Structure formats: structure tokens, C-alpha cells
Amino acid sequence: MTPRQATPPRAQPSRQAKPLTAPAVRARKGSGPPLVMVTAYDAPGARIADEAGVDIILVGDSVAMVVLGYDDTLQVTVDDMAHHVAAVGRGQQRALIVGDLPWMSYHVSVEETVRNAAALVRAGAQAVKLEGGRKRLPMVRGIVDAEIPVMGHIGLTPQSVHAMGGFKVQGRQADAARALVDDAIALAAEGCFAIVLEGVPDEVARLVTESVPVPTIGIGAGPWCDGQVLVFHDLLGLEDRVLPKFVRRYASLKADAVDAIAAFADDVRAGRFPGEDETYHLADDVLRALAGNGTIGAHGADDGAIGALAGNGTIGAHGAEPRTA
Ligand code: KIV
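Numbering (the working numbering), first residue to last: -2 to 322.
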């Protein structure tokens, strides 16, 4: 077996490809190029990911940290997730949309789990993802029985941040590595169509990948997985405060955005914005009509903007120079 991303494929424009389904993702085990998944949380993000040709858009509960400013993922609710799933649904055309079930939405009962999964589907998700191994099997079964495809997620599961004692690489000891393999086998047997492997040594990811009949999608799990996922804001450099070891930044959009907004501020302050091309004007006949009716000027004075435009020599709606002068 060779690392799955040894020969990275070029992304194909979405308009050349058919919409991807969960069974089609499942069928990519052992065939085709590695699966590409990125997170997105709104319509522009989904359009960008879709046009880049990704296979799967994950509306991750990482939205809590990268968009909403929380320190962990525990703060978002099913309603929050549905709101973001719906926005992504309005921007996506081809990629499969997976909605993340947030913390406490699948921990109480199977019935509650299925209702919450259905809420994400009604919002626009075509599959859902939940964290955890064998202890989540009844929930996985319930969702699958409701005809909703489920993606598993094991290893570093951010919703367990307090139980794990922080965001730490998992499966470093032999017992823990074996447990991850057993978890993955059980999740696949229960019907998961793919499994995210997060924050595990690459040897463990390889063992898991070779042990299950469904694709593994890695993040911080090395090159042996059947696919890779990164968080939108990390890969585009929109998040620049931390750079985890497993992230590769393909752009510096935060720095570009700061530069762009600073340039706008400079232009406004120096009177360079808006320019002639960025300004609306009245048609000449309207201008003449306004100038000729004797009530010109923003406050009834006859020396205002209309008079100025009509050529009476005075400039400015309030008798002042334009702020851009
Ligand atoms: O919420 C998320 O972004 C995720 C990925 C890290 C897999 O679960």
C-alpha cells in the first residue's frame, strides 16, 4: 500500500462532475483518487469549495471555534448547525454535504439522535457525522435505520476535549491503538459510510484504514487514509493565530484581507474613494428639471448640490466641498 496522496489529483471544476452521494463516497474505498473534504459554514464558502472540486463539504461544529469565536466546539446547538447547513446548501452544487451533529445532540437517546439528524437533513445535509466509537453504535444504527447516511469520527474527538484533558493526539499506546481499530470496524459494520480519523499517529491510521471496508478521511492522521480533510479557515490562512502541525496553509487570506481593508481605509481618508466610476449621477434632463424649479439644494437653499451640478458655481449638498476633495 502506498500513501493515498502520493500523486495528488488536480481538483476538477464542479460543473464537469455529477453530484456526489454517500454511496458513491463509500464506493471510493480502494479505488479512485483520495477523497477531498473541506469544511464550510456559509454559502460563499460552499461555492468556493464546490468550484475547487472538493468531494465532500463538512459543515463542522468547528464553526464554533473558527467562525463564532468560542474556545471549543461544545457551545453550538442543533439550531446553530442547521442554520449553517442551510447556508452551505444554498451555495453548493456538487459536493456531498455532511452536517456535524453537535455535542449533546446524540448522547441522550436514540430517538433524540434521530430527530436531531433529521433536523440537519431538513436544513440541507445529505449525511451527518458524529464523534465516538463503539459506545455510539445504537445511535449510528438509529440514524441509518432512518435512511440517513452517517460518517463516523474517532481518534481526537474535539467534543471530548474535557474528557481527553485537551486536544491531544490519541492512540499512542498499543491498547489505545487497538481500541481505535475495533471502534472503526464496529462503526463500519453498523453502517457508517466513511470514518474521520483525527489526531492519530500515521501507523495507527494505516492500521485502521487497512481494517475497514469504508473510506477513512484523515486530519492529522498522516498519508495512509483514503482521503484528507482540512478546516477551511486553516487551509486558506483565514485563521492565523495557531498553526497545528498537520495544517498546510495554501493561502494567506487573513493577511490579504487586512491589507485590502487597510487600503480601503487609506483611500477613504485620502479622498480617493469613491471615484467617478464608483459614483451614480442623475440624468441631464432630471438635473435640469431640478435646477430649474427654484427649490434646489438639500435644505431648500438655492446654492446646494443640484445647483452645483447644474453649473451655478456652488458645490456640495450642505454648501461644503465633497469629502473626497
Ligand atoms: O468540525 C470539524 O471541522 C471536524 C473536522 C475537523 C473533521 O470535525
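Ideal placement from N, C-alpha and C gives every residue a C-beta, glycine not left out.
Keep in mind it's a predicted model, so treat the numbers as computed, not measured.
So is residue i buried or exposed if we call it buried at 16+ other beta carbons inside 10 Å?
{"i": "residue 105", "result": "exposed"}
{"i": "residue 159", "result": "exposed"}
{"i": "residue 186", "result": "exposed"}
{"i": "residue 150", "result": "buried"}
{"i": "residue 81", "result": "buried"}
{"i": "residue 276", "result": "exposed"}
{"i": "residue 362", "result": "Past the boundaries of the shown model lies residue 362; the chain is included only from -2 to 322, so the question cannot be answered."}
{"i": "residue 84", "result": "buried"}
{"i": "residue 230", "result": "buried"}
{"i": "residue 255", "result": "exposed"}
{"i": "residue 133", "result": "buried"}
{"i": "residue 126", "result": "buried"}
{"i": "residue 162", "result": "exposed"}
{"i": "residue 204", "result": "buried"}
{"i": "residue 114", "result": "buried"}
{"i": "residue 258", "result": "exposed"}
{"i": "residue 269", "result": "exposed"}
{"i": "residue 170", "result": "exposed"}
{"i": "residue 181", "result": "buried"}
{"i": "residue 240", "result": "exposed"}
{"i": "residue 252", "result": "exposed"}
{"i": "residue 51", "result": "buried"}
{"i": "residue 9", "result": "The predicted model places residue 9 with a pLDDT of 49, which falls under 50 and marks its position as unreliable, so this point remains unresolved."}
{"i": "residue 265", "result": "exposed"}
{"i": "residue 37", "result": "buried"}
{"i": "residue 43", "result": "buried"}
Taking residue i as the reference, which of the options has the closest Cα?
{"i": "residue 74", "options": "85, 61 and 84", "result": "61"}
{"i": "residue 89", "options": "208, 266 and 16", "result": "16"}
{"i": "residue 248", "options": "242, 232, 219 and 271", "result": "232"}
{"i": "residue 95", "options": "56, 76 and 201", "result": "56"}
{"i": "residue 176", "options": "148, 135, 46 and 131", "result": "131"}
{"i": "residue 48", "options": "35, 114 and 242", "result": "35"}
{"i": "residue 189", "options": "129, 283 and 39", "result": "129"}
{"i": "residue 137", "options": "164, 163 and 192", "result": "192"}
{"i": "residue 213", "options": "281, 53, 41 and 117", "result": "53"}
{"i": "residue 27", "options": "230, 210, 216 and 259", "result": "210"}
{"i": "residue 227", "options": "66, 142, 273 and 59", "result": "59"}
{"i": "residue 68", "options": "250, 238 and 257", "result": "238"}
{"i": "residue 70", "options": "91, 102 and 39", "result": "102"}
{"i": "residue 156", "options": "196, 99, 147 and 22", "result": "99"}
{"i": "residue 166", "options": "124, 204, 120 and 216", "result": "216"}
{"i": "residue 119", "options": "79, 182, 278 and 110", "result": "79"}
{"i": "residue 223", "options": "122, 143 and 32", "result": "32"}
{"i": "residue 23", "options": "65, 124, 273 and 110", "result": "124"}
{"i": "residue 142", "options": "153, 164 and 112", "result": "112"}
{"i": "residue 164", "options": "184, 44, 139 and 196", "result": "196"}
Quick one: what does DSSP say residue i is sitting in, helix, strand or coil?
{"i": "residue 191", "result": "strand"}
{"i": "residue 206", "result": "helix"}
{"i": "residue 286", "result": "helix"}
{"i": "residue 298", "result": "Only weak support is given to the placement of residue 298: the predicted model assigns it a pLDDT of 44, under 50, and the value that follows is read from those uncertain coordinates. Coil at residue 298, not helix or strand."}
{"i": "residue 110", "result": "helix"}
{"i": "residue 225", "result": "strand"}
{"i": "residue 239", "result": "coil"}
{"i": "residue 29", "result": "coil"}
{"i": "residue 126", "result": "strand"}
{"i": "residue 95", "result": "strand"}
{"i": "residue 88", "result": "helix"}
{"i": "residue 5", "result": "A caution first: residue 5 carries a pLDDT of 45, below 50, which makes its placement in the model unreliable, though a value can still be read off. Three-state result, residue 5: coil."}
{"i": "residue 215", "result": "strand"}
{"i": "residue 150", "result": "strand"}
{"i": "residue 131", "result": "helix"}
{"i": "residue 170", "result": "coil"}
{"i": "residue 16", "result": "coil"}
{"i": "residue 101", "result": "coil"}
{"i": "residue 144", "result": "coil"}
{"i": "residue 24", "result": "coil"}
{"i": "residue 220", "result": "coil"}
{"i": "residue 198", "result": "coil"}
{"i": "residue 117", "result": "helix"}
{"i": "residue 163", "result": "coil"}
{"i": "residue 139", "result": "helix"}
{"i": "residue 233", "result": "coil"}
Taking Cβ positions only, does residue i come closer than 8 Å to chain C?
{"i": "residue 42", "result": "Absent from the structure is chain C; it holds one protein chain and no more."}
With respect to 7 Å, is the separation between the Cβ of residue i and the closest non-hydrogen atom of the ligand GDP below this value?
{"i": "residue 212", "result": "In the structure shown, the ligand GDP is absent; the only ligands present are the ligand KIV."}
With the ligand KIV as the reference, list in chain order each residue whose Cβ lies under 7 Å from any of its heavy atoms.
-> In chain order, the hits are 36, 55, 57, 58, 59, 70, 97, 126, 150, 155, 193, 195, 216, 226 and 228.
Problem - alpha helix (DSSP H) runs contained entirely in the segment 31 to 83, provided each spans 4 or more residues - result: The segment 31 to 83 contains these whole alpha helix (DSSP H) runs: 40 to 48 and 60 to 63.
| field | Complete runs of the alpha helix (DSSP H) confined to the segment 241 to 285 [at least 4 residues] | value | Those alpha helix (DSSP H) runs which fall completely within the segment 241 to 285 and span 4+ residues are 250 to 266.
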